[in-house]
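Residue numbers (this note's numbering), protein chains in the order written: chain A, 1 to 505; chain B, 1001 to 1505; chain C, 2001 to 2505; chain D, 3001 to 3505.
Glycine included, every Cβ here is placed at the ideal spot set by N, Cα and C.
Quick notes on the structure that follows.
Protein chains: 4
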Amino acid sequence: GYEKQEFSRFPTKTGRRSLSRSISQSSTDSYSSAASYTDSSDDETSPRDKQQSNSKSSSDFCVKNIKQAEFGRREIEIAEQEMSALIALRKRAQGEKPLAGAKIVGCTHITAQTAVLIETLGALGAQCRWAACNIYSTQNEVAAALAEAGFSVFAWKGESEDDFWWCIDRCVNMESWQANMILDDGGDLTHWVYKKYPNVFKKIRGIVEESVTGVHRLYQLSKAGKLCVPAMNVNDSVTKQKFDNLYCCRESILDGLKRTTDVMFGGKQMVVCGYGEVGKGCCAALKALGAIVYVTEIDPICALQACMDGFRVMKLNEVIRQVDLVITCTGNKNVVTREQLDRMKNGCIVCNMGHSNTEIDVASLRTPELTWERVRSQVDHVIWPDGKRVVLLAEGRLLNLSCSTVPTFVLSITATTQALALIELYNAPEGRYKQDVYLLPKKMDEYVASLHLPTFDAHLTELSDEQAKYLGLNKNGPFKPNYYRYISKQSSCTVTLYVKLAFIK
Amino acid sequence: GYEKQEFSRFPTKTGRRSLSRSISQSSTDSYSSAASYTDSSDDETSPRDKQQSNSKSSSDFCVKNIKQAEFGRREIEIAEQEMSALIALRKRAQGEKPLAGAKIVGCTHITAQTAVLIETLGALGAQCRWAACNIYSTQNEVAAALAEAGFSVFAWKGESEDDFWWCIDRCVNMESWQANMILDDGGDLTHWVYKKYPNVFKKIRGIVEESVTGVHRLYQLSKAGKLCVPAMNVNDSVTKQKFDNLYCCRESILDGLKRTTDVMFGGKQMVVCGYGEVGKGCCAALKALGAIVYVTEIDPICALQACMDGFRVMKLNEVIRQVDLVITCTGNKNVVTREQLDRMKNGCIVCNMGHSNTEIDVASLRTPELTWERVRSQVDHVIWPDGKRVVLLAEGRLLNLSCSTVPTFVLSITATTQALALIELYNAPEGRYKQDVYLLPKKMDEYVASLHLPTFDAHLTELSDEQAKYLGLNKNGPFKPNYYRYISKQSSCTVTLYVKLAFIK
Amino acid sequence: GYEKQEFSRFPTKTGRRSLSRSISQSSTDSYSSAASYTDSSDDETSPRDKQQSNSKSSSDFCVKNIKQAEFGRREIEIAEQEMSALIALRKRAQGEKPLAGAKIVGCTHITAQTAVLIETLGALGAQCRWAACNIYSTQNEVAAALAEAGFSVFAWKGESEDDFWWCIDRCVNMESWQANMILDDGGDLTHWVYKKYPNVFKKIRGIVEESVTGVHRLYQLSKAGKLCVPAMNVNDSVTKQKFDNLYCCRESILDGLKRTTDVMFGGKQMVVCGYGEVGKGCCAALKALGAIVYVTEIDPICALQACMDGFRVMKLNEVIRQVDLVITCTGNKNVVTREQLDRMKNGCIVCNMGHSNTEIDVASLRTPELTWERVRSQVDHVIWPDGKRVVLLAEGRLLNLSCSTVPTFVLSITATTQALALIELYNAPEGRYKQDVYLLPKKMDEYVASLHLPTFDAHLTELSDEQAKYLGLNKNGPFKPNYYRYISKQSSCTVTLYVKLAFIK
Amino acid sequence: GYEKQEFSRFPTKTGRRSLSRSISQSSTDSYSSAASYTDSSDDETSPRDKQQSNSKSSSDFCVKNIKQAEFGRREIEIAEQEMSALIALRKRAQGEKPLAGAKIVGCTHITAQTAVLIETLGALGAQCRWAACNIYSTQNEVAAALAEAGFSVFAWKGESEDDFWWCIDRCVNMESWQANMILDDGGDLTHWVYKKYPNVFKKIRGIVEESVTGVHRLYQLSKAGKLCVPAMNVNDSVTKQKFDNLYCCRESILDGLKRTTDVMFGGKQMVVCGYGEVGKGCCAALKALGAIVYVTEIDPICALQACMDGFRVMKLNEVIRQVDLVITCTGNKNVVTREQLDRMKNGCIVCNMGHSNTEIDVASLRTPELTWERVRSQVDHVIWPDGKRVVLLAEGRLLNLSCSTVPTFVLSITATTQALALIELYNAPEGRYKQDVYLLPKKMDEYVASLHLPTFDAHLTELSDEQAKYLGLNKNGPFKPNYYRYISKQSSCTVTLYVKLAFIK
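What follows is the structure, given as structure tokens:
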């Protein structure tokens, strides 16, 4: 009954839908970067209706076309070149096989980069079954290459909602094989197991979750006392945070804007809403290329940082008439309202780099007096009755997910962290990790970082014995205490402010 | 007996001395910036031997020359212009007098900026007695102005060690007046009270401490179970941290180098040891002015950040022969060794921006074969037998303390935070704060930041009710959870890494 | 006889060809940006074989498909939004019709932006006949829109060489219409008229030429005494130079690299060969995004600038093993040799931003032991026997022409300058301009610039009478003397160095 | 009669004076940097009244105190370390003695750096007599060291106007010695010879002039047909221009502001008037340190550059109320008027980096209702009746001359250029250089630059024979044609704009 209920909420055609709790938004977000690799073959047969087997006569997979395996293998090889950290981990740990006996069920984007992760897990001893976490993002040829290499992959580009859950189900629901580890991205796999196969958790040693959404769900489960296995929050590792946000956005904001609009940055006035890590990355890049950037903030500390970094902090209404570009990076909703869209000047570009698709009130633009014109993929001109055009990118969804690519290097950091989290959870003795959500220990973060330093030919300094003693540190780290985090979950000294004097409103 | 023992460790003349636990290093660090304001009068009489009284016939103070009060008042007025946040706090809280009844004994640098703090405390209802935390840093005319205004100040520029403790003692040891709050910078005052007047703590509601050293001492006391009153760690507030380190160093590294050496930054090769907040600030400034900057690091995460920020991460030995400038920002010891000093090229400048004077092994340079030549204040040429000169700044002590000035704006942030911490501790009901070291609540940090935004004409955005609800935040903040800190003291999920596989050394 | 001879040099199919003097290289360079707009219709009929007429029954044009006119009109309208300077010129001069009677034959890229130029010329009174200067760059729908609007356009995407000259010929060779102005880009049109219809020059009042190649040809003609009409060198106007080189490359280097390789810039080591305006733009952008950039130079003055701007100046051989990216910006040949390609590390990207396709010795890579693999459009992996891959972009042709787009704003500056140059030459009395190559007067440069300031909401300061007098300037400019140029053609004080002392080699 | 007339225009005490044509302003500008080196001895005897001789019994000099020679020698040695280019030239040319027979009379600042130049000229064979070009700038100990080394120096710090001309006269007017070369800085020496000893020019082979003012005078002489010897304009050499303006101002604006005001740059709003090379340098530095910078411009081309570089171009009146700092870099007069000073906010800092002291209308501030308060050397608070203070630096004179130091490296470039210009003019055969003002040939500029590259360990690339041929260049340069200049004196194609259509105002 469950499956039916779930599925009835979704239209068969994947059009615009409201977000359901049972499927993460990211699973249906358009995902452009991989698109260029994938053939737009006119083969309309559903992979579920095909009979395919790989060269070793296995049929335990479902991909678009197993014959694309060779092309996919080349893509994986190219990705391997840029994921030297993961390859280094594979080489170092291959002898010990720290995942021997692990049966991992995974649900992630299926791209050349995740293929390198999956094959690394295999090389370390794990058996893997894998589904896609997004109906659009699968690189068919990569899925084929994985299937050819013996991994049970169930994924193709352009799945229907029904296909999506069917694939996940095929990964979990198998007679002779029971998963003991979960690697999830978005929480849909975890959700499915909770709803359909709760008994599976008896064997599961842990969940590794990468996405904001999935981590949020895990904390909710934990809060509700329903989390029944340890979970590792990979999303909030220091390294990943910095790379996914500050550094990655610094690069992708330029890329996303250029690919969609060819806009010239120099001299343009722009406003960035929100000065967290994402906003900082966007602002730094745009300023560096000659844009004049304004910042809006609600938090006075971030506002002060923006000031010191050379940005004027203004309210959106104060600059909305003059800017050429509006970028939201807040995680908040309705940061750009219809009223503000009405006041923008002709040609103003509006896009979202934040954590959800709620930041721009796009719904308010779907009114009869406004005309929408799709001028390129991911680019709409919304036209006012007086002829004014506002250029809306990716319909307000995440610009960097929709319109630019994520550097392989960033994906390498995530993948390496995921692999290490799986190793840690799988090897830890029972009881060591409770039914809680954990952050990766600082030492592990440092290890992931150190694996990536050779990419930059960076040479680390080693502490002398004398220096280590002076600093009270182990020579091999961790070099910062666990509490030295950009985001940690608790402070020992948390107090609510007592003083409630009238002068502090 | 105590006093004697302590003092016997110090030579009467303040020359080079080893650091004693009983006196913070900063109390004897040279302190240049204020010097220019102060007359080099030939009055050699010790203030302790003078009979002075202010215009209201009070003699409860000891300063160099009460007649300089008018000049000092002007200095204070100028400082007030740049400390608008503190003045705003004074105005807002003046009606409520939240410090009515407070008897504060303080020990800080005595400059125009701290005078604004002291007078603010007075305006909010407090009585104050004050000594200097550094024997060199007092602006005599400012001390005179405070004395004239009725504050019991005991401080002058060029105190002896004996004078230093005498002044502190005069603040604490008074028959008719007993302190109930302590404001300390470096921990010397707190130390003195512990050793000499432990009973005073019965009345003390709390200690507010600003310096790294002082905070360290407090944590040690707390760990040893000897902390007998609540203490507020003002040093680690987010706002102060960012300003004292990243932003302040970004400005002062340039200033300190120019004032001492007139070096041209453009095209010069430099190595910055350590890429924490201080190192980040130095690197950003030097790169921005056209220097080619190398970074050394022990922590792979910081190393990766340096890479992404565009710096080559090298070992010091790899670049030591080619660089024109070496800057230490590590907090470690012997980061620059004699061997490395031997290998530097002619004219290489060496200086320290870190947290102690141990980073450069200066002692190793005091050998017979090397000649020291003092070429300017704070600038020594150390000359090798072959004629090679290394330019050593501030004898390896902190460059920005010794050779540049701290912007009043930064001091304003510290002073505002100190005032609010005093208000919080003084007003909190008994039992609310235990005998522990506390960080300022996030809300207070935000309030300090918001008081400083008008300086930049920055306009904060306010959450709508709908948005606040969506984010689960109070419209007036705090906008980040308490655990959103750059440095916090504990993580709920701290685990020691289980995995000790051979591949992770 | 001429036509035949010329054409016999070219294969019918446009593959790799050696550069002939009779056709500018740019005419056959691939040109990517427009491609996305244009349908890949399966209509294989040559436009020369079609019978088409516009809605006013005119057939004096030859385009791919006149029915695309409406789509093309929309593209032109969008371009008009970003070319407000040209539209402003159109509005200001429309009343005076300064080109009334002008019969302009033009040969440029045919894109939405040039359409705005052509329609501006029409609005100012000119009659126009137009061909494409590049066999790939025509936007078919824009050509259709121009034809529909009554302009005699002869151009389509994917012309053969024969088509190319046929189109030009159709513009020039018309019985009832004789051109009196030439607007050329690359010199092919001018060349054709010289060779085939020299008598046309009797009526021509002047040539306006935009490209480096075309200007070079004009100077050669002038030097040889064969230039028979005045020519205006639009290429070397200050405004165009700065925008086409420094500012445009600053943006397009990032765009071109991202679109082709998705490379992450942060932390990557790169070498830029040549530190002229193009190199300066590339270096500034890459450094701003966190790359570590080395520079090679032959000119000590440019080398010194690179130093001061914070780049290490090295020989290519010194860094070739360590860099992740090599960019040539020299205008020289064989700057990157096979030997250096052999020494690059695996995955090194090589591309050219300079003025020709000779900078990388691509020919040397076409040897049997190396495998070429086309991985994306414009991206080849060249694979060494040991598996090493070098990533070659655009086969060594111009990256920004091939793999990124040129901002409309830059095209607007060029188009405005072209329009003003035509107006000046057409209206100048006979004899004012000799048979020589002229730079646009400073005043005209300033006027072009001022027309573009509203885009940035920039507000110019006006001199008071007193100030103008003090400076000896006209209040309306020119504000710099004619000799204040970044590139001028002669110095009054040119001397050859007398001193030939041995110490100056 | 001449001398009297001239001198009567000057008060004996060097206070504020109007600028006379007969003395360059720079000769009386305060000059701070050297001050710190020089003793403030209480020896009040005029050097003219002293009897001094050096250790070789020569008395042909007049300095403050010959006994300071040893101290001065050390200063010169330190300067030599940073002027390796000049020392390299000295070594390379010492064998050839290209200045053998040269009798050079010089008038420059007398500092350690110019001492290195003078001693280089001596080492190359020249005899030198030298005076100071500024009454304040002489480093007495350096003058003593030069005198001790046998150079006839007539200069001391704090000359009166009468002393100033007396010293120059003593250099020129000597029975047994007649100058054949002039090295001038400001034109006062040249002026004196013209007025008093015109016959000297019969023997003079050329004048080398460094300053803007002096060069301007030479061009005026040339225009008036009164220039009777060749002159070399060293001021406008490309290398010097870039370093004296762009790069030097980039560093000195920060230094000058910090030393005088300790202002924090981060987040401050500033307006820079003028976006030439000086303005570009100031803007780049201030933006890099987190300031928000506005630009005012009269020239639309420079305005467009400012836009593209990320600065808002505004009129001064539009931002005057909000800015914290106003910097003038225009060369114009009354750029900041009393009306604008009236509108500035409290604490606004005003200073001048331009080419004259006329940019800020300082005179307008000397009215009874305003109070001036000197708060530090070079810093005045001008106080309005309502208490508002404007912080005026260096009384509107050049900030970088008055309040910061010039890097030795920049002085090295100038000195090397001067030496080479002297060599060229002295060795050129008669007739080669006419009675005109010349720019240094490009080749010489390149040579100066190349001598300075070792400072940065910069490695120049050499052209292959094939490449040189391809580019049409000599392998040893010049690498750019003579017309490739930032500032040249004539364009071959100069035309006045013909078109005077109404739409171009």
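Give the secondary structure of residue i by DSSP, where H, G and I count as helix, E and B as strand, and everything else as coil.
i: M2181(C); result: strand
i: C249(A); result: helix
i: L3304(D); result: helix
i: W2372(C); result: strand
i: G2396(C); result: helix
i: R1205(B); result: coil
i: L1117(B); result: helix
i: V3271(D); result: strand
i: Q3127(D); result: strand
i: T455(A); result: helix
i: I1534(B); result: The structure shown does not extend to residue 1534(B), since chain B spans only 1001 to 1505, so no value can be given for it.
i: N54(A); result: coil
i: A1069(B); result: helix
i: I23(A); result: Residue confidence for I23(A) is low, a pLDDT of 44 falling below 50, so the modelled location carries little weight; the figure read from the coordinates is stated next. I23(A): coil per DSSP, three-state reduction.
State buried or exposed for residue i, treating a residue as buried only when at least 16 other CB atoms are found within 10 Å of its CB.
i: T1045(B); result: exposed
i: D1049(B); result: exposed
i: W372(A); result: exposed
i: S1036(B); result: Annotation note: pLDDT 39 at S1036(B) (below 50); position unreliable, no value reported.
i: P385(A); result: exposed
From what residue to what residue does the alpha helix (DSSP H) around residue i run?
i: H3191(D); result: 3188-3196
i: T1296(B); result: T1296(B) -> not in any alpha helix (DSSP H); beta strand (DSSP E) instead, spanning 1292-1296.
i: G214(A); result: 212-223
Give me the Cβ distance between residue i and residue j, rounded to the nearest whole Å; I'm assuming they're in contact under 8 Å.
i: A144(A); j: K64(A); result: 7 Å
How do the segment 2297-2312 of chain C and the segment 3437-3455 of chain D stand: do at least 3 beta-carbon pairs fall below 8 Å, yes or no? Counting Cβ pairs under 8 Å, three or more are found: they touch.
Three CB pairs or more closer than 8 Å across the segment 215-222 of chain A and the segment 419-433 of chain A: no
Per the contact definition of three or more C-beta pairs closer than 8 Å, is the segment 3156-3165 of chain D in contact with the segment 3131-3143 of chain D? yes
Count Cβ pairs between the segment 2240-2257 of chain C and the segment 2272-2279 of chain C that sit closer than 8 Å; are there 3 or more? yes
Is it true that the segment 3089-3103 of chain D meets the segment 3117-3130 of chain D, where meeting means three or more beta-carbon pairs spaced less than 8 Å apart? yes
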